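The structure under discussion appears below in the form of structure tokens.
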């Protein structure tokens, strides 16, 4: 089975542009997480979904960030307008309820650079 | 307020020796503790976990020890190999939700 798929792997954009990051979780998983990793703040949870419903978005830095999960196999994280401080690696992860340890499976990440 | 702490940003170990990575936590309600390994330009990958009702879990060269009274866990890698060079994250989970609470990571460097 394929793991978590993210696209694009790299994104370079200019300040003020809209950026959309995409994620396909592992089939059958019912939790989906969006993380951001930076040197300064480490791995930060932005938002997570359960059965396509957003559960906790308290980690979303500001209103410029939004996330959707229209169905069980697809999620997007959108930044509009983007700013240089949004430059980071964004990870998507998924997990299956009832595994006990709540192990999450990560995608390869999207490296975002905002100029 | 960091609930999971990895106080060593980096660790250098000779190949063949034991690597010991440490993690401290503050919340006694955590049910599970997990270790992840991360290579550059890749996502973190799960390595090993331990339930809060156990004090040791072993998987090949990797052993995790849990000391609940001290709120401390450690990951032992024996023997250390060059491919073990990576960033290691400690994470904890509770039964009230499905989030993982992450440490800041420790960069392990295995010297040949």
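Chains as they are written, first to last, in our numbering: chain A, 169 to 283; chain B, 828 to 939. A virtual CB, placed ideally from N, CA and C, is assigned to each residue, including glycine. All values reported here derive from a predicted model rather than from experimental measurement.
Cβ neighbour criterion (16 or more within 10 Å) applied to residue i
| i | result |
| --- | --- |
| residue 258(A) | buried |
| residue 251(A) | exposed |
| residue 897(B) | exposed |
| residue 193(A) | buried |
| residue 239(A) | exposed |
| residue 282(A) | buried |
Beta-carbon separation (whole angstroms), residue i vs residue j, contact threshold 8 angstroms
| i | j | result |
| --- | --- | --- |
| residue 171(A) | residue 275(A) | 7 angstroms |
| residue 943(B) | residue 839(B) | Residue 943(B) lies beyond the stretch modelled for chain B, which goes from 828 to 939, so this question has no answer here. |
| residue 927(B) | residue 861(B) | 7 angstroms |
| residue 891(B) | residue 877(B) | 5 angstroms |
Reference residue i; option with closest CA among the options
| i | options | result |
| --- | --- | --- |
| residue 872(B) | 919(B), 934(B), 914(B), 897(B) | 914(B) |
| residue 218(A) | 185(A), 197(A), 206(A) | 197(A) |
| residue 870(B) | 190(A), 184(A), 216(A), 205(A) | 205(A) |
| residue 246(A) | 182(A), 186(A), 180(A), 220(A) | 186(A) |
| residue 887(B) | 850(B), 895(B), 880(B), 874(B) | 874(B) |
| residue 226(A) | 200(A), 266(A), 215(A) | 215(A) |
| residue 925(B) | 853(B), 902(B), 858(B) | 858(B) |
Chain B within 8 angstroms of residue i, Cβ atoms only
| i | result |
| --- | --- |
| residue 179(A) | no |
| residue 251(A) | no |
| residue 233(A) | no |
| residue 272(A) | yes |
| residue 258(A) | no |
| residue 265(A) | yes |
Any chain A beta carbon closer than 8 angstroms to residue i
| i | result |
| --- | --- |
| residue 925(B) | yes |
| residue 885(B) | no |
* Asked: In chain order, which beta strand (DSSP E) runs of at least 3 residues are fully inside the region 210-270 of chain A?
  -> Fully enclosed beta strand (DSSP E) runs of 3 or longer: 210-218, 221-224, 233-239, 242-247, 256-263.
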